[in-house]
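Residue numbers (the UniProt record's numbering): 1 to 652.
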Amino acid sequence: MMAAKKQDFRVKLSVCSVVAFLLLFMAARLALLLLNRDFFSALGGGEIFSAFLNGARFDLSIIALFVGPVVFLLNWPVKSPRWVKIWASVLVVQWIFLAGFLIGDLIYFPKVNRHIAEEIIQLSNDWGFIISYIFTQTWLPLVLLLGLLAFAVWGISRLTDKYYAPRQWGIAKNAGFLLLLIALCVLGIRGHLGGGKSLGVADVYNYTDSPAGSALILNGAFTAYQVGRKGTLDVVNPYPVEQAVKTTQKLFISPDEELPDPAYPLMRRHTDEQDHQHYNILIVLLEGWHPYYVDGLSGNHFGATPVFDQILTDGVTFTNAYAVGQRSIFGFAAVFAGLPWVPGLPMFGYGLELAALSPMPKHFSNMGYYTFFAQTSRRSSYRLCALASYLGAQESYGWEDMPQLLAYQEKAPFGYDYDAMMFAADKIKNRKQKNFMGMLFTGITHEPFTSTLPQFDKYPYDTWEHGFLNTLSFADWSIGELLKRARQDGWFDDTIFVFVADHTSGGPADDSLKNHFRIPMVIYAPNILKPRQIDYIVSQTDLIPTIYRLTGLTPAYTAFGRDMLDETDADKRVALVSEGVNIGLVTPQGEIRHGGGKILSSQAYTPGFDEQQAEETLLALDKTAQTLLTENRWYNPAFDAAAVKETQQNGK
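In C-alpha cells, the structure reads:
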C-alpha cells in the first residue's frame, strides 16, 4: 500500500480557516434574517444582497483581529508537528467559541431588535447567571459544540501525524510571507485602504440608512468588541455645545428654578420656600413590564394585573411614559440618578459614576429620612447595591439578605417579589426616623421564567408570553400584599408610591419606538393626590424633579428631565431613548431614530411632523449629556456639602 504523501499544508489550512470563519458569519446572518422576518420585512432584495456583501467587510475585520494572529503563529517557521497541532487546535477553539457567541446573539436579538453591545460589559459581573443559563437553557447547543470541538481536535492530530511535513522555505521567503500576513491582517481590521480610523459601528451607515439594514450588516461579535474594548462607542455629534445646552435648559428648567453655578448648566434649585409636608417615598422599579400586558393601560383582557389596574384607576397615571433604554441598569440610573443613556458614554457602574452625579438618596438622608435600596436579585447583580450606596442610600440589600417566606415550586434566578416587598415593609416598620425614601427593584418577571405558586400558573410554560404572564400575575399579587402591609403598619396614608418599569419586554410585533420604550408609570397616593390620567410625554428621568416637588425638598440637583405634574408647555415635552448604537426621540407629533450621523427612520403621529426640528432637539439633548458628563460638569457636590452644613446649623 502506497504511503500518504506528506506536505506542509499550513497555507492551505490558513485559507480554509478564514473561509470557514467567513461562512460561519454568513450562516449567522442568514439565520438572523430567517428568524426575524418581521423585523427585516421592509428590506428589498437589493438591500439584503448589499447587507450580505458589505457585512463581509465587518466580518473580516473581526476575523483579521482575532484569527489573524493565530494564523500568523501557525505559519511561523517552526518545523515541529506539535506546533501545527497547537495552533490549528486554537483555530478550532476560536471557531467553536464564535459559533456559540453568534448563537447567543441570535437568541438575544429578538428581545431588543439589535445585536449584543454594551451588555458584554455587564455580563462580566454575572458569570454565575451566565453559566447557570448555559447549562439549563442552552445545554443542547453546548453539548453539540463541545462534541464538535473534541472531534475536530482529534481529527487535526490524526491528519497532522499522517500528512504533515515541514516546508523548506528560506529566510527571505518566510519573512516575505509573514509580512504579507501582517499586511492582510491590518487591511482586514481597518476595512479600507484609505486614511482615517479603522471600521467602527457607525461606519455601517455608509452602506445603509435603516436600522434593519444596519442590523443585517453588523454582527454581534463586532458590536460587542467595539463597545467592550472601551466601554463606549465612538460617536460624532457636531451640534454646537452652547446651543445644545440652551435648548436643553428650555426643555428642563422651570421658571421657579435657579441655576446656582453657571459651570453646571443643568444643576438647579427650587426657589419655592413654602413649607411642605415631608411625605414618604417608595419607588418600585418593575422588571420588564410592558403596557401591552397591563389591562388597565392596553384594554386587553389578560387578567394578570387586577391589583395594578386598580392602582391605575386610583393614582396619577402616565399613559405616555418612556424608558431611557432597554436594560435594567439604564432604568435604574434614570430613576435613581436622573441620568439619560446615550451612546459614547460609559454605563452607570462601569465608569459613568466617576463623574459627580446628583445623589437623590443622599439628599433625602440629609433631610433626616431613612433611605434604603432592595433588589430581588443578588447584591452583585449590575452592582446596583454598590451604586445605591454610592448615591447615598444608607442601606442596600439583595437576595442574600432576604428570608424565603413561601414554599415556591421552583427556584427563581432573580429572586421573588413578594419576599423583597415584605422585607422592605419590615425595614420601614422598624425604622427609627420619621420619614423614609426607599426603592425596590423586582425580578420575578425576568426570564427564564419559573413557577412560583400553583394559583399563578394560569398558562403552561410553553411560550415566552405564557411564562411572562404567569410571573406577572405573581408580581401583581405581591404589590397588593405590599399595600396591605403599608395599611396594616400605618404608613400608607402619608406615602407616595411610584410604580415604574425599568424597560419593556415582549409586546406586539411593532418596531416603533413607542412600542419598544413606552412603559407603565403611575404615582399612587390616594390620600395625597387626586386620581387623574396624564397623556403627555414623560420620561423616567422626570421622576427626580417630580419627587422633589412633591416632598418640598430644595437641594441643588441635576436631572435630565422636569416635574411630570407641571403642565406648562406639555406639547413640547419629548423623550430621549437609546437602543444600543442608535438613539431616538419621541415627540407629541412623531418619532425619529438616529445613527449619530443621520436619521434612520421617522414616523409621524400627526400631520405636519417636523422631522428636522426633531433631529435638532435630539442632537442637542445628546450633545448636552455627552458634554456635561464627559467634562464632569453634571453636578457640583460642593453644593451638597453646603446644604448639609446649613441643615446642621438650622438644627442647632
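Glycine residues also receive a C-beta, built at the ideal position from the N, C-alpha and C atoms.
- Of all alpha-carbon atoms in A215, L184, F222 and A183, the one lying nearest the alpha-carbon of G200 is that of F222.
- Between the beta-carbon of V153 and that of S89 there is about 5 angstroms, and that keeps the pair under the 8 angstroms contact cut.
- Distance check between L352 and each of T371, L387 and I444 places L387 closest, using alpha-carbon atoms only.
- With fewer than 16 other Cβ atoms inside 10 Å of its own Cβ, D38 counts as exposed.
- By alpha-carbon distance to L187, the top candidate from F58, P260, H278 and K173 is F58.
- The C-alpha of M439 lies about 31 angstroms from the C-alpha of I107.
- Of all C-beta pairs linking the region 603–616 to the region 209–228, fewer than three are shorter than 8 angstroms, placing the two stretches out of contact.
- Within a 10 Å sphere around the beta-carbon of N206 sit fewer than 16 other beta-carbons, which makes this residue exposed.
- Rounded to whole angstroms, the separation of the alpha carbons of V522 and L453 is 27 angstroms.
- Counting along the chain, S298 sits inside the alpha helix (DSSP H) bounded by residues D295 to S298.
- The continuous alpha helix (DSSP H) containing G331 extends over residues S328 to A337.
- With respect to the 8 angstroms criterion, G331 and S377 are not classified as neighbours on the basis of their beta carbons.
- Considering only T554, T558 and L513, the residue with the shortest C-alpha distance to I537 is L513.
- With respect to the 8 angstroms criterion, P403 and T541 are not classified as neighbours on the basis of their beta carbons.
- Two segments are said to touch when three or more pairs of C-beta atoms, one from each, lie closer than 8 angstroms; by this definition the region 404–411 does not touch the region 427–437.
- From the listed residues T208, T617 and F639, the smallest Cα separation to A42 is found for T208.
- A Cβ-Cβ separation of about 7 angstroms places E257 in contact with T271 under the 8 angstroms criterion.
- According to the DSSP assignment, R57 belongs to the alpha helix (DSSP H) that extends over G45 to I62.
- Contact between P361 and L391 holds: CB atoms are separated by about 5 angstroms, below the 8 angstroms threshold.
- Per DSSP, reduced to three states, the secondary structure at I189 is helical.
- For the pair of segments examined, the region 571–580 was found not to touch the region 525–532: the number of CB pairs separated by less than 8 angstroms stays below three.
- Contact check for S358 against Q394 fails: the beta carbons are separated by 8 angstroms or more.
- Rounded to whole angstroms, the separation of the alpha carbons of S298 and F517 is 15 angstroms.
- Closest in alpha carbon position to E242, among L621, N636 and A638, is L621.
- Rounded to whole angstroms, the gap between the alpha carbons of L142 and D105 is 14 angstroms.
- Taking all protein chains shown into account, G46 has fewer than 16 neighbouring C-beta atoms within 10 Å of its C-beta and is therefore exposed.
- Counting only runs of at least 3 residues, the region 434–487 fully encloses the following beta strand (DSSP E) elements, listed from N- to C-terminal order: 436–441.
- Residue ranges of uninterrupted beta strand (DSSP E) with 3 or more members, entirely inside the region 501–589 and ordered along the chain, are 521–524, 532–534, 575–579 and 582–586.
- Secondary structure at R167: coil, using DSSP grouped into helix, strand and coil.
- DSSP, reduced to helix, strand and coil, places I116 outside both helices and strands of the structure shown, so it counts as coil.
- Runs of beta strand (DSSP E) with 3 or more residues, each lying fully within the region 366–403, are found at 370–375 and 395–397, listed in chain order.
- Checking the DSSP bridge columns, you'll see T627 has no partner listed.
- DSSP places V316 inside the beta strand (DSSP E), whose first and last residues are V316 to F318.
- Each residue's CA atom was taken as its position, placing A475 and Y418 some 7 angstroms apart.
- Short of 7 angstroms from the beta carbon of F109, and not among the five residues preceding or following it, lie these beta carbons of its own chain, in chain order: L32, N36 and H115.
- In the assembly as shown, H276 is an exposed residue. Its beta-carbon has fewer than 16 other beta-carbons within 10 Å.
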